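So the structure is just underneath, and the comments pick up after that.
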Amino acid sequence: MDAGSDLGSDLGSDLGSDAGHGTGAPARVVLADIRDTPLSVDECMAAVLLPDVGGIALFVGTVRDHDSGRGVTDLAYEAHPRAAAEIERVAAEVAAGAPVRAIAVAHRTGHLRVGETAVVVAVGAAHRAEAFAACRRLIDDIKAQVPIWKHQVFEDGAAEWVGAC
3 MDAGSDLGSD LGSDLGSDAG HGTGAPARVV LADIRDTPLS VDECMAAVLL
53 PDVGGIALFV GTVRDHDSGR GVTDLAYEAH PRAAAEIERV AAEVAAGAPV
103 RAIAVAHRTG HLRVGETAVV VAVGAAHRAE AFAACRRLID DIKAQVPIWK
153 HQVFEDGAAE WVGAC
């Protein structure tokens with residue numbers, strides 16, 4: 003899926019509802035992508051910055067230099083061929099089940115170094131509480147349901163696979 007596609011129209015105009023929370027317009031998944039190129043926080047934030055959005059919650063996951071007390075030098079993410087469809091499905095489910103206006107998510111694949119951005123989630127809602135709740139649910143659901151695996155390389159040369167779902 004390319005970064006400019008409007009998944010809201012692809013997935014249907016009845017995603018989500020905002021009964022009693024603003025304009026009543028349906029929530030839209032405006033970006034759901036898996037890429038092997040660097041991610042942009044600004045792109046995801048701009049995607050959910052709509053006129054009826056009063057709060058945007060962002061989650062940015064980066065490659066850290068440790069895991070379970072062991073030094074990490076770098077890692078690689080690999081995605082199942084269905085991962086793009088699954089990240090779209092998960093985003094649409096969150097949009098349908100929360101009073102939000104717009105959702106954007108991008109996940110990185112390929113080789114990443116410590117400090118690089120691995121995932122960006124942005125949720126725009128009329129109010130901050132709804133944005134925070136949906137953002138947390140979205141990143142948790144992505145980690146639990148989207149088939150993306152992480153191959154970590156440690157300082158001692160050892161490596162391990164970590165399943166995202």
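If you read the sequence shown in the working numbering, its first letter stands for residue 3, the second for the next number, and so on. Where a beta carbon is used, it is the ideal one built from N, C-alpha and C, also for glycine. This structure is a prediction, so every number in the text was calculated from the model and none was measured.
Within the region 59–120, the complete beta strand (DSSP E) segments at least 3 residues long are 72–81, 104–110, 112–115, listed from N- to C-terminus. With contacts defined by Cβ atoms closer than 7 Å, Ala104 and Val32 form a contacting pair.
Annotation for Val50: no beta strand (DSSP E) segment contains it, though the alpha helix (DSSP H) segment containing it runs 43–50. Check the Cα spacing between Gly71 and each of Ala59, Glu157, Gly165: the tightest is with Glu157. For the options Gly165, Glu80, Ala94, the alpha carbon positioned closest to that of Arg139 is the one of Ala94. In the structure shown, Ala136 adopts helical secondary structure according to DSSP, grouped into three states.
Scanning Leu114, Ala59, Ala106 for the CA closest to the CA of Arg91 turns up Ala106.
Separation of the CB atoms of Ala133 and Val122 is rounded to 15 Å, and the pair is thereby denied contact status at 8 Å.
A direct Cα-Cα distance of roughly 10 Å separates His68 from Val155. For the set Ala131, Val96, Arg115, the Cα lying nearest the Cα of Val65 is the one of Arg115. Boundaries for Ala160: no beta strand (DSSP E) harbours it, and the DSSP string shows neither H nor E there.
Annotated three-state conformation of Asp35 is strand, per DSSP. Taking Arg110 as reference, the option from Met47, Pro149, Ala29 with the minimal CA-CA separation is Pro149.
Apart from the 5 residues on each side of it in sequence, Val55 sits with its Cβ closer than 6 Å to the Cβ of Arg103, Gly126 in its chain, given in chain order. Excluding sequence positions up to five before and after Leu60, its CB lies within less than 6 Å of the CB of Ala124, all in the same chain and listed in chain order. Within a 10 Å sphere around the beta-carbon of Ala108 sit 16 or more other beta-carbons, which makes this residue buried.
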